[in-house]
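Chemist:
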Amino acid sequence: MDATAFHPSLWGDFFVKYKPPTAPKRGHMTERAELLKEEVRKTLKAAANQITNALDLIITLQRLGLDHHYENEISELLRFVYSSSDYDDKDLYVVSLRFYLLRKHGHCVSSDVFTSFKDEEGNFVVDDTKCLLSLYNAAYVRTHGEKVLDEAITFTRRQLEASLLDPLEPALADEVHLTLQTPLFRRLRILEAINYIPIYGKEAGRNEAILELAKLNFNLAQLIYCEELKEVTLWWKQLNVETNLSFIRDRIVECHFWMTGACCEPQYSLSRVIATKMTALITVLDDMMDTYSTTEEAMLLAEAIYSITKESFEWLLTYPELAKSLMNISRLLNDTASTKREQNAGQHVSTVQCYMLKHGTTMDEACEKIKELTEDSWKDMMELYLTPTEHPKLIAQTIVDFARTADYMYKETDGFTFSHTIKDMIAKLFVDPISLF
Numbered sequence: 001m002d003a004t005a006f007h008p009s010l011w012g013d014f015f016v017k018y019k020p021p022t023a024p025k026r027g028h029m030t031e032r033a034e035l036l037k038e039e040v041r042k043t044l045k046a047a048a049n050q051i052t053n054a055l056d057l058i059i060t061l062q063r064l065g066l067d068h069h070y071e072n073e074i075s076e077l078l079r080f081v082y083s084s085s086d087y088d089d090k091d092l093y094v095v096s097l098r099f100y101l102l103r104k105h106g107h108c109v110s111s112d113v114f115t116s117f118k119d120e121e122g123n124f125v126v127d128d129t130k131c132l133l134s135l136y137n138a139a140y141v142r143t144h145g146e147k148v149l150d151e152a153i154t155f156t157r158r159q160l161e162a163s164l165l166d167p168l169e170p171a172l173a174d175e176v177h178l179t180l181q182t183p184l185f186r187r188l189r190i191l192e193a194i195n196y197i198p199i200y201g202k203e204a205g206r207n208e209a210i211l212e213l214a215k216l217n218f219n220l221a222q223l224i225y226c227e228e229l230k231e232v233t234l235w236w237k238q239l240n241v242e243t244n245l246s247f248i249r250d251r252i253v254e255c256h257f258w259m260t261g262a263c264c265e266p267q268y269s270l271s272r273v274i275a276t277k278m279t280a281l282i283t284v285l286d287d288m289m290d291t292y293s294t295t296e297e298a299m300l301l302a303e304a305i306y307s308i309t310k311e312s313f314e315w316l317l318t319y320p321e322l323a324k325s326l327m328n329i330s331r332l333l334n335d336t337a338s339t340k341r342e343q344n345a346g347q348h349v350s351t352v353q354c355y356m357l358k359h360g361t362t363m364d365e366a367c368e369k370i371k372e373l374t375e376d377s378w379k380d381m382m383e384l385y386l387t388p389t390e391h392p393k394l395i396a397q398t399i400v401d402f403a404r405t406a407d408y409m410y411k412e413t414d415g416f417t418f419s420h421t422i423k424d425m426i427a428k429l430f431v432d433p434i435s436l437f
């Protein structure tokens, strides 16, 4: 591929000079956030007496990006929910939300709970939009062989698309659009907070303390992200990429966006910085292989990589199958998104091209089949995620978060290469604070 096909950086040294407008208010925002955290903690403890309220509160905190402040309280509540039968098992919204949250937190609950919501002909009996949304999201934490969840996705998607033809409350309409675009389990957590804060602000039953805390929490995290971006941008500039490596994708901000999507909590700042630098260097190697090196040079680099011993990756090999699912999802999504670009550049060795040659299909048919294989890999990942292990759950959660970033970056197009497609969301995450009023 001609190096000129890669557009230059959209950000340059923007974050070296950028001064967030909320920076002077950092001290006040921190103090206010600490007060609100304790107020919300009391609300969370009070919800323990009623399962439906507890489930609603947990999902709200998660979607607003606040759940990491209450990990112990949420885990304790969900253990109670898991062991208790004191809920309305005929309320599809509650059953779906309970199923979703328990599976998301590693509890292996049966999908048989949904069979009672089907009629004698095997069709789901539900027309309430809120219930449809809850069922649709629950169905995406499926594993292999769960036919009832496969059927639920087909049914609810059709019903949700039809619901948009009728007037809906603004907050509910926004929810439907967002859900049809990406089911809840696959959304990047930090971007979900950005998208959900204005939706939650429209809800009649919103908790004002939770809403204010969500806004403060995001703005404070944004200040940390900007500090990290300044550091990695200066490091990248020292490499003089524009001059020395003009043939590679200049995407240091996009690398940080990717790592923030997978690991967004403020306490993991150092991890994000290191991972951003590693991803940038991997991009250099990738583009050297694909766009610059001769076949002989590429083989030498490949041999050097292949010579690394398994012992060097011992920490990753503790989760070999889960990591394999992540790599399958990333590879399949990447190949599907970048096929047309690589074909135009004369590169033919990709998953899509191989499938077309082997099965004699069109590109569209091959891409559709690969989407099916990607869904199978998501099912593999969920099965492994639900499998008990002696290792910290954080490892599995982070691997799933990386799968979510791959889904976001490559779902519609190659967002990393053609980064103008994600520029607006990068600005929302790193540049635009959320108004407190």
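For the sequence shown, the positions run 1 to 437 when UniProt numbering is used.
Just so it is clear, CB atoms sit at the ideal spot from N, CA and C, and this is done for glycine as well.
Remember, it's a predicted structure, so these values are computed and weren't measured experimentally.
Please report the residue range of the alpha helix (DSSP H) in which isoleucine 74 lies.
Modeler: Note, isoleucine 74: alpha helix (DSSP H), 71-83.
Chemist: Spell out the partners DSSP gives phenylalanine 124 in its beta bridges.
Modeler: The partner list for phenylalanine 124 (beta bridge, DSSP) reads Lys118.
Chemist: Select from Tyr18, Leu191, Ala262, Lys118 the residue whose C-alpha is nearest the C-alpha of isoleucine 422.
Modeler: Closest by alpha carbon: Leu191.
Chemist: Please report the distance separating the alpha-carbon of tyrosine 292 from that of aspartate 414.
Modeler: Going from the Cα of tyrosine 292 to the Cα of aspartate 414 covers about 20 Å.
Chemist: What would DSSP say about glycine 235, mapped onto helix, strand or coil?
Modeler: The amino acid occupying residue 235 in the given sequence is tryptophan; glycine does not appear at that position. Of the three classes helix, strand and coil, the one that applies to tryptophan 235 here is helix, per DSSP.
Chemist: Where does aspartate 286 fall in DSSP's three states?
Modeler: Three-state DSSP puts aspartate 286 in a helix.
Chemist: May I ask you to report which of helix, strand or coil DSSP gives alanine 3?
Modeler: Residue confidence is low: alanine 3 scores 42 on pLDDT, short of 50, so the model does not pin down where it sits. No coordinate-derived value is stated.
Chemist: Leaving aside the five residues before and after isoleucine 59 along the sequence, list all residues of the same chain whose C-beta is less than 7 Å from its C-beta, in chain order.
Modeler: Leu97, Leu101, listed in sequence order.
Chemist: Using the three-state DSSP reduction, which class does methionine 425 fall into: helix, strand or coil?
Modeler: Correct three-state label for methionine 425: helix.
Chemist: At the level of alpha carbons, what is the spacing between leucine 135 and aspartate 127?
Modeler: Leucine 135 and aspartate 127: Cα-Cα distance of roughly 11 Å.
Chemist: Under DSSP, the alpha helix (DSSP H) around histidine 256 begins and ends at which residues?
Modeler: From DSSP, the alpha helix (DSSP H) with histidine 256 extends over 252-262.
Chemist: If arginine 251 and serine 9 are in contact, beta carbons under 8 Å, what's the gap, nearest whole angstrom?
Modeler: Yes, they are in contact, since the Cβ atoms of arginine 251 and serine 9 sit about 7 Å apart, within 8 Å.
Chemist: Taking the alpha-carbon of isoleucine 224 as reference, which of Pro433, Asp13, Val241, Gly12 has the nearest alpha-carbon?
Modeler: If we check each option's Cα against that of isoleucine 224, Pro433 comes out closest.
Chemist: For the candidate residues Thr43, Ala221, Lys90, whose alpha-carbon lies nearest to that of alanine 23?
Modeler: Among Thr43, Ala221, Lys90, the Cα nearest to that of alanine 23 belongs to Ala221.
Chemist: What does the Cβ neighbour count give for glycine 261, buried or exposed, with the cut at 16 atoms within 10 Å?
Modeler: Buried, since its Cβ has 16 or more Cβ neighbours within 10 Å.
Chemist: Tell me whether phenylalanine 437, by its Cβ, gets closer than 8 Å to a heavy atom of the ligand SAH.
Modeler: With respect to the ligand SAH, the structure offers nothing, as it holds no ligand at all.
Chemist: Between the Cα of histidine 68 and the Cα atoms of Val16, Gln159, Leu213, which residue gives the shortest distance?
Modeler: The option with the nearest alpha carbon to histidine 68 is Leu213.
Chemist: With DSSP run on the structure shown, which of helix, strand or coil describes asparagine 207?
Modeler: If DSSP states are grouped into helix, strand and coil, asparagine 207 belongs with coil.
Chemist: Who are the near neighbours of valine 113 in its chain, counting only those whose CB is closer than 8 Å to its CB and skipping five residues on each side?
Modeler: Around valine 113: Asp89, Val95, Phe99.
Chemist: Quick check: leucine 386 and glycine 106, are their CB atoms within less than 9 Å of each other?
Modeler: Yes, Cβ-Cβ distance for leucine 386 and glycine 106 is below 9 Å.
Chemist: So phenylalanine 418 is in the alpha helix (DSSP H); what residue range does that whole segment cover?
Modeler: Phenylalanine 418 -> no alpha helix (DSSP H), and no H or E assigned at all.
Chemist: DSSP three-state call for arginine 142: helix, strand or coil?
Modeler: Coil.
Chemist: How big is the Cα-Cα spacing for tyrosine 87 and methionine 382?
Modeler: Tyrosine 87 and methionine 382: Cα-Cα distance of roughly 25 Å.
Chemist: Do you know offhand how far phenylalanine 15's Cα is from glutamate 231's?
Modeler: Phenylalanine 15 and glutamate 231: Cα-Cα distance of roughly 9 Å.
Chemist: Can you tell me which of Met288, Phe80, Gly65, Leu35 puts its alpha carbon nearest to the alpha carbon of alanine 54?
Modeler: When each option's Cα is compared against that of alanine 54, the closest is Phe80.
Chemist: In terms of residues, what are the limits of the alpha helix (DSSP H) holding phenylalanine 437?
Modeler: Phenylalanine 437 -> no alpha helix (DSSP H), and no H or E assigned at all.
Chemist: Below 9 Å between beta carbons: does that hold for aspartate 401 and leucine 188?
Modeler: The answer is yes: Cβ separation under 9 Å.
Chemist: Assign threonine 336 to buried or exposed, taking buried as 16 or more other Cβ atoms, counted over all protein chains shown, within 10 Å of its Cβ.
Modeler: Buried, by the Cβ-count rule.
Chemist: Count the other CB atoms, across all protein chains shown, that sit within 10 Å of the CB of alanine 3; report buried if there are 16 or more and exposed otherwise.
Modeler: Low confidence applies here, because alanine 3 scores a pLDDT of 42, under 50, leaving its location unreliable; read the following figure in that light. Exposed: under 16 other Cβ atoms inside 10 Å.
Chemist: Since leucine 332 contacts threonine 374 with CB under 8 Å, what's their CB separation in whole angstroms?
Modeler: Indeed, because the Cβ distance is near 5 Å, the residues count as touching under 8 Å.
Chemist: Where valine 125 and glutamine 159 are concerned, what is the direct C-alpha to C-alpha distance, given to the nearest angstrom?
Modeler: Approximately 11 Å, taken between the alpha carbons.
Chemist: Going by the beta-carbon positions, is the gap between tyrosine 410 and serine 330 smaller than 9 Å?
Modeler: Cβ atoms of tyrosine 410 and serine 330: closer than 9 Å.
Chemist: Rounded to the nearest angstrom, what separates serine 163 and glutamate 175 at their Cα positions?
Modeler: Answer to the nearest angstrom: the Cα atoms are 12 Å apart.
Chemist: With a threshold of 7 Å on Cβ separation, who are the neighbours of aspartate 376 within its own chain once the five nearest residues in sequence on each side are excluded?
Modeler: Result list for aspartate 376: empty, nothing under 7 Å.
Chemist: Ordered along the chain, which non-local residues of its own chain (more than five positions away) have a Cβ less than 6 Å from that of alanine 171?
Modeler: Excluding sequence neighbours, alanine 171 sits near Ile199, Lys202, Glu203.
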